[in-house]
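What follows is a single structure, written as structure tokens, with notes after it.
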Amino acid sequence: TVIPCTMTSCSPGYLFIGSRLCDSVFLHCIFEQPTLEESAVKKIKLSAELNGNEEDEDFELYGEMLPKVTKTVSAEELLNIRVLDKLLNVGPCKKITGGCPSISACFQEIARKDPLFDLVCACGHDKFGSICILQRSIRPEIITSSSIEGVVQYWAVGRREDDTHMYFIASRELGTLALETDNDLVELEAPIFATSESTIAAGELADGGLAVQITTSSLVMVAEGQQIQHIPLQLTFPVRSASIVDPYIAICTQNGRLLMYELTSHPHIHLKEIDISKKLRHETSPITSISIYRDMSGIIRFCSATNITQQQQTTGTNLQVPEQDFEDVDDLLLYGDSKKSKKETVSKRRIVGMKLTEQNTHFDTDVIDPNTIVPSHWIAIARENGNIYLYSVPELHLVYMVKKISHLPDVATDQPYVEDEPAMGEGIDTSGTMTDTFAAKPEEVIMELLLVGMGMNQGRPVLFLLIDDTVSMYEMFPYNNGIQGHLAIRFKRLPYTTVTRSCRFQGLNGRAAVESVRDAIRHKTVLHFFERIGNVLNGVFICSSYPCIFFIETGIPRLHPVNLDGPILSFTIFNNAACPNGFIYLTERDRLMRVAKLPSDMILDAAYPVKRISVGATVHNVIYLLHSNTYAVLTSEKRNVTKMCVLINDDKTFEEHEKPDTFVYPQMNQYKLQLYSPEDWKPVQNVEMLFEEFEVVTCSDEVVLRSESTVSGVQNYLAVGTACNYGEEVLVRGRIIISEIIEVVPEPGQPTSKHRIKTLYDKEQKGPITSLCSCNGYLLTGMGQKVFIWLFKDNNLQGISFLDMHFYIHQLIGVRNLALACDMYRSVALLRYQEEYKALSLASRDMRSDVQPPMAAQFIIDNKQMGFVMSDEAANIAIFNYLPETLESLGGEKLTLRAEINIGTVVNSFIRVKGHISSGFVENELFSLERQNVLFASLDGSFGYLRPLTEKVFRRLHMLQQLMSSMVLQPAGLNAKGARAARPHRPNHYLNTRNLVDGDMVMQYLHLSLSEKNDLARKLGTSRYHIIDDLIEICRVTAHY
14 TVIPCTMTSC SPGYLFIGSR LCDSVFLHCI FEQPTLEESA VKKIKLSAEL
64 NGNEEDEDFE LYGEMLPKVT KTVSAEELLN IRVLDKLLNV GPCKKITGGC
114 PSISACFQEI ARKDPLFDLV CACGHDKFGS ICILQRSIRP EIITSSSIEG
164 VVQYWAVGRR EDDTHMYFIA SRELGTLALE TDNDLVELEA PIFATSESTI
214 AAGELADGGL AVQITTSSLV MVAEGQQIQH IPLQLTFPVR SASIVDPYIA
264 ICTQNGRLLM YELTSHPHIH LKEIDISKKL RHETSPITSI SIYRDMSGII
314 RFCSATNITQ QQQTTGTNLQ VPEQDFEDVD DLLLYGDSKK SKKETVSKRR
364 IVGMKLTEQN THFDTDVIDP NTIVPSHWIA IARENGNIYL YSVPELHLVY
414 MVKKISHLPD VATDQPYVED EPAMGEGIDT SGTMTDTFAA KPEEVIMELL
464 LVGMGMNQGR PVLFLLIDDT VSMYEMFPYN NGIQGHLAIR FKRLPYTTVT
514 RSCRFQGLNG RAAVESVRDA IRHKTVLHFF ERIGNVLNGV FICSSYPCIF
564 FIETGIPRLH PVNLDGPILS FTIFNNAACP NGFIYLTERD RLMRVAKLPS
614 DMILDAAYPV KRISVGATVH NVIYLLHSNT YAVLTSEKRN VTKMCVLIND
664 DKTFEEHEKP DTFVYPQMNQ YKLQLYSPED WKPVQNVEML FEEFEVVTCS
714 DEVVLRSEST VSGVQNYLAV GTACNYGEEV LVRGRIIISE IIEVVPEPGQ
764 PTSKHRIKTL YDKEQKGPIT SLCSCNGYLL TGMGQKVFIW LFKDNNLQGI
814 SFLDMHFYIH QLIGVRNLAL ACDMYRSVAL LRYQEEYKAL SLASRDMRSD
864 VQPPMAAQFI IDNKQMGFVM SDEAANIAIF NYLPETLESL GGEKLTLRAE
914 INIGTVVNSF IRVKGHISSG FVENELFSLE RQNVLFASLD GSFGYLRPLT
964 EKVFRRLHML QQLMSSMVLQ PAGLNAKGAR AARPHRPNHY LNTRNLVDGD
1014 MVMQYLHLSL SEKNDLARKL GTSRYHIIDD LIEICRVTAH Y
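Per my numbering, residue 14 is the first one in the sequence shown, and the count goes up by one each step.
This is the structure:
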């Protein structure tokens, strides 16, 4: 059951139901014949009912028609509905608040400059209501921490029968430690691994049966506790990197030489070197990185002739080739593509046919059945000149070549290599030969390359490139380039970019040095492919000063930071009884080796990692109560109303109305306030505040009020405001309830039951309470169109002052002695309370005549300056300043509109947070810390933020935005200025966009190609690094833990 918003029939028997209020579902519906007994029982029941209800009049009027109906029942079918898949939806978000996080103990001990918090949202509707806990980064659950002196990299290799790891290799700068993993890590007694040299790579062959270790000058293979083979590599230069993919090993040396080995089993199991001396052409430029790729996607095919009609003819002629030519599997992979595809279509048809007879439903899909795919092996080689070459393995025929992929084009295409006439080939690309003779720029060298299959069945091949301290990603897709003997694929740039640097690109005197360079003593591997961590099937861990995990689970790629522990040097998967499907990483801060696993209760396949607690009722508000570390959750459920309120001699009396069963009663919400403990996210037993019928809770918040019982002079209370709506005759009244959370002795076996709500004040007021907040230790309440200010003393409220506003004040937000008031039809107003005069006054307000009804408001703070943010029903966000000196503000009476943007989604809740400065890239830490981000949550379940900028950065990014709107293609072909202009459109709307930069748009700069980046930067009169620095700083400063 879902609350539907849209329905689409995908193919016979398959139905997609989209919803705005809960998860969207994909259903499989089939009709089934019920068993004979069931239908017989039903028939008896039906006839019994009919006989009971039949009356003489019916016979006279309608005759003998009724009994005939029962005959069709025997042919009745049952509709069987299965949920195949769900799309997560956290909308609509009604309230967002910050709360204390639940993290491993070792994270709590670290001193931090930045706040560590969870975003807690009130989400969903009706029985799909829930509390969602969102985090910006993945927080691993630490199992143990230890440190081994001087270790720079770790690997867990070799598998036992139960798939747990056998050996643990720890590499130092000059040697290696080999450990055995049982319940504990114990050093190996037998010298089966090479320990005198530093290990460069380690991995597994034969599905984990063989462990392989590659040191700077040798190769070791171990199985069942003994060394099977030791190959000394006769090299002049040490090994720089290696790629191990069953059953091949590729090794790259520091001077760019390549070695390859293949695992063979005759006459016995050993590694055989593949001769590559003559096969790799284009020798002039040294190899910088290699990656063996095992294709399980079925995407890789060879190009056919250019024309499709010709293509059909060639397949026709190829079919007459006698079978014995294709006995060799390699030949089949290289040349026999046409015959293989024919076979596949036949088998596919047969499978579909089976389904049809079985359930009468089938699903047309172009997904290839993974059981029919023959895995093929390829090797990707990057050279210093910025080109990438794909060779088939083990024949090493060149099957694909991309020139200058180091310039990061949007689509990487195959450029054929002319082999017959090398002179001619060089002549065409004179610039190529020129650059080959000179050393390549360090910022254009491909430092690391990784080609792996991601997602389900590894069906989505992704190419990762580390260039200029930036990781970029490409996805492979089938495309016939028409080059005979080459692969029919292309690579598309994905809009995901992560910078691995710790400091800004732009140093004090120009461009700072590239951090990952070739002549480093030891190349630290940045990209680590992993299989199976927790619930994530496969992905890539990016080890850097800003570590990230990249994975594709259900179709959308996800890139989540893992920055709680600061920079990470090394990463390996680790499967052990104590740590099932976990991982081990090495921190840079204290060189700690952390054995960890992914949080099991978080959904990682979402834009922000999220944990959802189902409440089963509409959640209206979530309030974090600081001192007791609990959450007050306000919920409501629909109830039938059978009473009516009537006035008799000015007294209220309720009349019960009894109606027949066919009568549809009106429904009203019954409100309830509960305490939730973050330890188990369940309501605290026997602690709840039930509200009366006809009573609506309009506002609730944690307020800070004056108190003589504390040292600080203030105390935190929970305040609730209600309105009682009895109908037209009775005056609307409301209540203010002020309570505190006290600690009591918990009941045995229930540690969370130590909290209780103690009500200190609960009285009916003269009007409805529509909003409340605290202001300088006083309580500010909106009652319809009036605003009152109260002093809470001796458990009683004393009225101090009031102010008449316009229509209906539905939200109040306080900071010190100021407050923002949202009026239903008169926009936002700034109120001020002056204590010495006991005066509550209207300082300034938004006087625009055609403003939309406001939804929420908040202060935006930049060190000593302050602005005001307001969102409205037309999905606009407006930013105001109080500028009494300017002419247009009429001496401060009018708030000056500084900027306005339409974000296309209605924002319902704001929260202010300090800047996040511990992820690096920050120009001025103190300044950025005191400049606050305003995070917001919207009604369609999306999140965003607003952040003040310095003048210099704003000018740069604002000009970039204007240039990009005319030069870079926008989604759906939208005009950036028109699509983001405030609604309703006004003639002078462009004036208000001057002070605002659309972050979604300028962030596209990071995913552009090098030539486009330089082009835009040149037009701005700056370097691309200045712009990248600014954008990455904004990303890091707003990405909280």
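By construction, the Cβ of each residue, glycine as well, lies at the ideal position given by its N, Cα and C atoms.
_Tell me whether the region 636–650 and the region 681–695 touch, counting them as touching only if at least three CB pairs, one residue from each stretch, are closer than 8 Å._
yes
*For leucine 572 versus cysteine 561, is the C-beta spacing smaller than 8 Å?*
yes
*Counting pairs of beta carbons, one from the region 820–830 and one from the region 851–859, are three or more of them closer than 8 Å?*
no
*Taking DSSP as the reference, what is the three-state secondary structure of glutamate 340?*
Confidence at glutamate 340 is low in this model, with a pLDDT of 44, below 50, so the placement of that residue should be treated as unreliable; the coordinate-derived value is given next. Glutamate 340 falls in the coil class under three-state DSSP.
*Taking only the alpha-carbon atoms, compute the straight-line gap between aspartate 350 and cysteine 316 and give it to the nearest angstrom.*
Any reading at aspartate 350 needs caution, since the residue's pLDDT is 44, under 50, leaving its predicted position unreliable; the model's value is listed next. Going from the Cα of aspartate 350 to the Cα of cysteine 316 covers about 9 Å.
*Helix, strand or coil for leucine 853 per DSSP?*
strand
*Identify whether serine 1024 lies in helix, strand or coil by the three-state DSSP scheme.*
helix
_Rounding to the nearest angstrom, what Cα-Cα distance links threonine 1035 and methionine 972 in this structure?_
11 Å
*Leaving out five residues before and five after lysine 907 in sequence, what residues of the same chain have Cβ atoms less than 8 Å from its Cβ?*
Ser857, Arg858, Asp859, Met860, Glu901
*Relative to the C-alpha of aspartate 259, which residue among Ser304, Pro1000, Gln945 is closest?*
Ser304
*So what does alanine 395 bridge to, in DSSP terms?*
Ser302, Ile401
*At what residues does the alpha helix (DSSP H) containing tyrosine 1018 begin and finish?*
Tyrosine 1018 -> no alpha helix (DSSP H), and no H or E assigned at all.
*Residue interval of the beta strand (DSSP E) (run including aspartate 1042)*: Element bounds for aspartate 1042: not the beta strand (DSSP E) but the alpha helix (DSSP H), 1037–1051.
*Thinking alanine 869 and asparagine 921 are a contact (beta carbons under 8 Å), I'd like their distance in whole angstroms, please.*
6 Å
_Simplified DSSP state of phenylalanine 1115, which is helix, strand or coil_ = Residue 1115 lies beyond the range of the chain shown here (14 to 1054); nothing can be said about it.
_Suppose you measure from the CA of arginine 925 to the CA of leucine 577; what does that come to, to the nearest Å?_
21 Å
*Helix, strand or coil at threonine 765 according to DSSP, with G and I counted as helix*: helix
*Tell me, please, which residues DSSP counts as bridged to tryptophan 694.*
None; tryptophan 694 has no bridge partner.
_DSSP has glutamate 174 in a bridge; who is on the other side?_
Per DSSP, none; premise fails for glutamate 174.
*Determine which residues share a DSSP beta bridge with cysteine 136 and list them.*
Ser143
*Are the region 196–212 and the region 226–233 touching, with three or more C-beta to C-beta distances below 8 Å?*
yes
*Can you round the beta-carbon distance between leucine 293 and leucine 272 to whole angstroms, since I take them to be within the 8 Å contact cut?*
With 8 Å as the limit, leucine 293 and leucine 272 do not qualify as a contact, their Cβ atoms being about 11 Å apart.
*asked:* Classify histidine 410: buried if its beta carbon has 16 or more other beta carbons within 10 angstroms, exposed otherwise.
replied: exposed
_Beta carbon of aspartate 36 nearer than 8 Å to that of leucine 100_ = yes
*Inter-residue spacing [alpha-carbon to alpha-carbon] between asparagine 548 and leucine 147*: 18 Å
_Among Val1010, Arg1037, Asp1013, whose alpha-carbon lies nearest the alpha-carbon of leucine 1023?_
Arg1037
*Could you tell me the distance, in whole angstroms, from the CA atom of isoleucine 496 to the CA atom of leucine 479?*
28 Å
*Could you say which of Ile94, Ser117, Glu45, Gln46 lies nearest to leucine 28 if we only look at CA atoms?*
Ile94
*Could you give the residue range of the alpha helix (DSSP H) that holds leucine 973?*
964–980
*Can you tell me the Cα-Cα spacing of methionine 1014 and threonine 510, whole angstroms?*
15 Å
_For leucine 1055, three-class secondary structure by DSSP_ = Residue 1055 falls outside the range modelled here, since the chain spans only 14 to 1054, and no answer is possible.
*Identify which residue in Val716, Ala619, Ala501 has its Cα closest to the Cα of leucine 639.*
Val716
*arginine 1049 to lysine 927, Cα distance in whole Å?*
12 Å
*asked:* Below 7 Å, is the gap between the Cβ of leucine 833 and the nearest heavy atom of the ligand NAP?
replied: In the structure on display, the ligand NAP does not appear, and there are no ligands present to speak of.
*Give the C-beta separation of leucine 34 and phenylalanine 141 to the nearest angstrom, bearing in mind that I take them to be a contact with Cβ-Cβ under 8 Å.*
6 Å
*Go through its chain and collect everything with a Cβ distance to proline 435's Cβ below 6 Å, but skip five positions before and after it.*
Bear in mind that the predicted position of proline 435 carries a pLDDT of just 39, short of 50, making it unreliable; the figure below should be weighed with that in mind. Hits under 6 Å: none found.
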